[in-house]
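Asker: Would you mind keeping the following structure in view while I ask a few things?
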Amino acid sequence: MTSLIILLIVIVVVILATARYRIHPFISLIMASIIVGIFEGLAGSELITAITYGFGNTLQSIGIIIAFGTIIGSYLEHSGGAKTIAENTLKYVGKKKSDFAMNITGFIVSIPVFCDSGFIVLSSLNKAISRKSGVPLAALSIALATGLYATHVFVPPTPGPLAAAAALEADLGLVLFLGLMVAIPVSITGYLFGKYGSKKMIINSISEDHLVKVENKKPNFFDSMLPIILPIILIGLKAFSQYPTKPLGSGSFADILTFIGDPIIALLIGVFLAFRLKKNYNSKQEKSDWLTDGLKSAGIIILITGAGGAFGNVLRTSNIGDIIGNIFINYDIGLLLPFIIAAVLKSAQGSSTVSIITTAAIISPMLNPLGLDSEIAKALTVLAIGSGAMTVSHINDSYFWVVTQFSGLTVSQSLKGFTLATLLQGFIGILVTLIISYIIK
């Protein structure tokens, strides 16, 4: 019980540091690592080694992937590629189902683009669509926001699930495949809630100052989709080729797929495809800024991810993870434990990414005693954490304020609409994850 109390104290420290005192998650996670190490009796040199090894070991497998993913997202955002995807989706789905079209768009765009950036870029489209189609702006906004949110917490190369997969040593191809299976019903849940739960929400006209305008030099649909879709296909093919039955054989073709399907190579290919989105822009400075913006975003996430790895390694070194895991194994709650921890962290401190990384660090040493150490179980644990990390978005979450401001919703409307939608999405996410675990175990 002492170890459990220590862990609870550390979780409270992380929550207070990030939510109340606005200390950056990188610092708060390093603080948590030090507190655990001291209370668990690690010697000074042993604690420093555990922190630095955990930090470096995590980033050697994930740092480059995060950088490439954010570069792709930056180019899609700045070039207007994200908006092109939205407009073409709307064309195929139809104006009367424009809320569904925006939900699908959000689902696709948020795979490489942060959900808040995606909403800002696409929010300018919502108002025009509402005028043309007659679909309420509140329904469009909630559908877009929840579509973005679904892949943000479930589908690599978004940094959260990517970092969790690294921390738990889960197969990335498996996380990607199962993540899409969970994200689809979760996204549809958000769309349905927006469609039927926002009928009485009247949005006042939005000042044009609040809308982000993307230049008219937008790339075409194929060029916009290729940097997202091709890396996913390559990663999926690698996972398929490495299936125990070796469906693609074990010769040179399978070796080539294994190489180009490695997340680093697949996303590097995606980066070069994203570079093609700049062909309509003449300013070298402008194009350079896109790359710089992507790397800046990557740097912050990489630091947080590394700090999460340091925290997890300190837990492993001190054996606190095994001790706590053995306590909870008696209750046989399995995947519900990472869901609950992530939900508590998310609801308390606001950031889904911090919630995912911190929970993965806490759960990683417990996988064996909890019976979650198989390849399938590790991937499902990532998804259980993702489900918790979207439960629930409210006033301490920056994404809540992006959705509120750029949609024109009042705070009360956002709480009744977007916040309740994310609560429902989180519960559907863990329910679908549990169903999958029951079917394939």
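In our numbering, the protein residues as written are 165 to 605.
Think of the CB as a built atom: it goes at the ideal place given N, C-alpha and C, for glycine as much as any other residue.
Tell me which residues share the same chain as V200 and place their Cβ nearer than 7 Å to its Cβ, disregarding the 5 neighbours each side in the sequence.
Answerer: Stepping through the sequence shown from its first residue, residue 200 is reached at position 36. Once the five neighbours on either side are set aside, the close Cβ partners of V200 are I170, V174, V478, L479, S482, I484.
Asker: Quick check: the Cα distance between A512 and A506, rounded to an integer number of angstroms?
Answerer: Translated into the one-based positions of the sequence shown, residue 512 becomes position 348. Translated into the one-based positions of the sequence shown, residue 506 becomes position 342. Inter-residue distance for A512 and A506 is about 10 Å (C-alpha atoms, whole angstroms).
Asker: Would you check if there are 3 or more beta carbon pairs closer than 8 Å linking the stretch 314-321 to the stretch 331-349?
Answerer: yes
Asker: Helix, strand or coil, according to DSSP, for H374 in the structure here?
Answerer: As a working mapping, residue 374 is identified with position 210 in the sequence shown. Reliability of the predicted coordinates at H374 is poor, the pLDDT of 41 falling under 50, and the value obtained from them is presented with this limitation in mind. Correct three-state label for H374: helix.
Asker: Say whether the stretch 379-395 touches the stretch 234-252, bearing in mind that this needs 3 or more beta-carbon pairs closer than 8 Å, one atom from each stretch.
Answerer: yes
Asker: Candidates I521, I497, S281, K359: which alpha carbon is nearest L534's?
Answerer: On the sequence shown, residue 534 is found 370 positions in, with the first residue counted as 1. The candidate whose alpha carbon is nearest that of L534 is I497.
Asker: Would you list, in sequence order, the uninterrupted alpha helix (DSSP H) runs of no fewer than 4 residues that lie entirely inside the stretch 528-586?
Answerer: 539-552, 562-571, 575-578
Asker: Does DSSP put T406 in a helix, a strand or coil?
Answerer: The sequence position of residue 406 within the sequence shown is 242, counting from 1. Going by the sequence as given, residue 406 is Gln instead of Thr. Assignment of Q406 by DSSP, reduced to helix, strand and coil, places it in the coil class.
Asker: CB of F264 to nearest heavy atom of the ligand SAH: below 7 Å?
Answerer: The ligand SAH is not part of the structure shown, which contains no ligands of any sort.
Asker: Which residues bound the alpha helix (DSSP H) around Y355?
Answerer: Translated into positions along the sequence shown, residue 355 becomes position 191. Element bounds for Y355: 336-361.
Asker: Exposed or buried, what is Y355 when buried is set at 16 or more other beta-carbons lying within 10 Å of its beta-carbon?
Answerer: On the sequence shown, position 191 is the one that residue 355 refers to. Result: buried.
Asker: Starting from R295, follow the alpha helix (DSSP H) in both directions and report where the run begins and ends.
Answerer: As a working mapping, residue 295 is identified with position 131 in the sequence shown. Residues 279-297.
Asker: In terms of residue numbering, what span does the alpha helix (DSSP H) encompassing G245 cover?
Answerer: Looking up residue 245 in the sequence shown gives position 81. Element bounds for G245: 245-257.
Asker: I'd like the list of long-range same chain contacts for P189, defined as Cβ closer than 6 Å, with 5 residues on each side in sequence excluded.
Answerer: The residue you call residue 189 lines up with position 25 of the sequence shown. T182, I468, V518, listed in sequence order.
Asker: Roughly how many angstroms separate the alpha carbons of S371 and V178, rounded to a whole number?
Answerer: As a working note, residue 371 is residue 207 in the sequence shown. As a working note, residue 178 is residue 14 in the sequence shown. Model confidence at S371 stands at a pLDDT of 43, short of 50, so the residue's coordinates are unreliable; what they give is reported in the following sentence. Taking the straight line from one Cα to the other gives about 37 Å.
Asker: With a 10 Å radius around its C-beta and 16 neighbouring C-beta atoms as the bar for buried, classify K291 as buried or exposed.
Answerer: Your numbering for residue 291 matches position 127 in the sequence shown. By the 10 Å Cβ count, K291 comes out buried.
Asker: Is the number of C-beta pairs between the stretch 541-552 and the stretch 317-328 that are closer than 8 Å three or more?
Answerer: A contact exists between the stretch 541-552 and the stretch 317-328.
Asker: According to the neighbour-count rule (16 or more other Cβ atoms, all chains shown, within 10 Å of its Cβ), is A207 buried or exposed?
Answerer: In the sequence shown, residue 207 corresponds to position 43, counting from 1. Classification for A207: exposed.
Asker: For S209, name the three-state secondary structure that DSSP assigns.
Answerer: Numbered from 1 along the sequence shown, position 45 holds the residue referred to as residue 209. Looking at S209 - three-state DSSP - the assignment turns out to be helix.
Asker: By Cβ distance below 6 Å, which residues in the same chain neighbour L375 in space, the five residues on each side in sequence not counted?
Answerer: Taking the first residue of the sequence shown as 1, we reach residue 375 at position 211. For L375, the pLDDT reaches just 41, beneath the cut-off of 50, and the residue's location in the model is therefore unreliable, leaving the point undetermined.
Asker: Any contact between the stretch 520-535 and the stretch 469-476? By contact I mean 3 or more CB pairs, one from each, below 8 Å.
Answerer: Enough Cβ pairs lie closer than 8 Å, so yes.
Asker: Using C-beta distances below 7 Å, list every residue in its chain close to S538, excluding the 5 sequence neighbours before and after it, in chain order.
Answerer: In the sequence shown, the residue the question calls residue 538 occupies position 374. Answer for S538: no residue qualifies.
Asker: Give the secondary structure of L412 by DSSP, where H, G and I count as helix, E and B as strand, and everything else as coil.
Answerer: Counted from its first residue, the sequence shown places residue 412 at position 248. Coil at L412, not helix or strand.
Asker: Quick one: what's got a C-beta closer than 8 Å to L459's C-beta in the same chain, skipping five residues either side?
Answerer: In the sequence shown, counting from the first residue as 1, residue 459 sits at position 295. Closer than 8 Å at the Cβ level, and outside the excluded window around L459, lie A231, T234, I235.
Asker: Mind reading off the beta-carbon distance from G581 to I352? Whole number of angstroms is fine, and I expect it under 8 Å.
Answerer: Residue mapping note: residue 581 aligns to position 417 of the sequence shown, counting from 1. Residue mapping note: residue 352 aligns to position 188 of the sequence shown, counting from 1. Going by Cβ atoms, the distance from G581 to I352 rounds to 16 Å, so no, they are not a contact pair.
Asker: Roughly how many whole angstroms lie between the Cα atoms of A330 and V277?
Answerer: Here residue 330 refers to the residue found at position 166 when the sequence shown is read from its first residue. Here residue 277 refers to the residue found at position 113 when the sequence shown is read from its first residue. In a straight line, the C-alpha of A330 is about 20 Å away from that of V277.
Asker: Return the first residue and the last residue of the alpha helix (DSSP H) that D263 is part of.
Answerer: The residue you call residue 263 lines up with position 99 of the sequence shown. From DSSP, the alpha helix (DSSP H) with D263 extends over 262-273.
Asker: Taking the alpha-carbon positions, what's the L168 to F203 distance?
Answerer: Here residue 168 is taken as the residue at index 4 of the sequence shown, counted from 1. Here residue 203 is taken as the residue at index 39 of the sequence shown, counted from 1. C-alpha separation (whole angstroms): 12 Å.
Asker: Between the alpha carbons of I228 and G324, how many angstroms are there, rounded?
Answerer: Taking the sequence shown and counting its residues from 1, the one referred to as residue 228 is at position 64. Taking the sequence shown and counting its residues from 1, the one referred to as residue 324 is at position 160. Spanning the two alpha carbons is a distance of roughly 14 Å.
Asker: Just the C-alpha distance for G205 and I198, rounded to the nearest angstrom, thanks.
Answerer: To locate residue 205, count along the sequence shown from 1; it is residue 41. To locate residue 198, count along the sequence shown from 1; it is residue 34. So the alpha carbons of these two residues sit roughly 11 Å apart.
Asker: Let me know if V176 comes out buried or exposed under the rule of 16 or more other beta-carbons within 10 Å of its beta-carbon.
Answerer: Counted from its first residue, the sequence shown places residue 176 at position 12. It counts as exposed.
Asker: Mind the definition here: the stretch 245-252 touches the stretch 265-284 only if three or more C-beta pairs lie below 8 Å; say whether that holds.
Answerer: yes
Asker: Which residue marks the beginning of the alpha helix (DSSP H) containing P323, and which one marks its end?
Answerer: In the sequence shown, the residue the question calls residue 323 occupies position 159. Residues 323-332.
Asker: Please state if the CB of T597 and the CB of S551 are separated by a distance shorter than 8 Å.
Answerer: Numbered from its first residue, the sequence shown carries residue 551 at position 387. Numbered from its first residue, the sequence shown carries residue 597 at position 433. Their beta carbons are under 8 Å apart, which means S551 touches T597 by this criterion.
Asker: Report, in whole angstroms, the separation of the C-beta atoms of L338 and I399, which I expect to be a contact under 8 Å.
Answerer: The sequence position of residue 338 within the sequence shown is 174, counting from 1. The sequence position of residue 399 within the sequence shown is 235, counting from 1. Wrong, their Cβ atoms sit about 10 Å apart, outside the cutoff.
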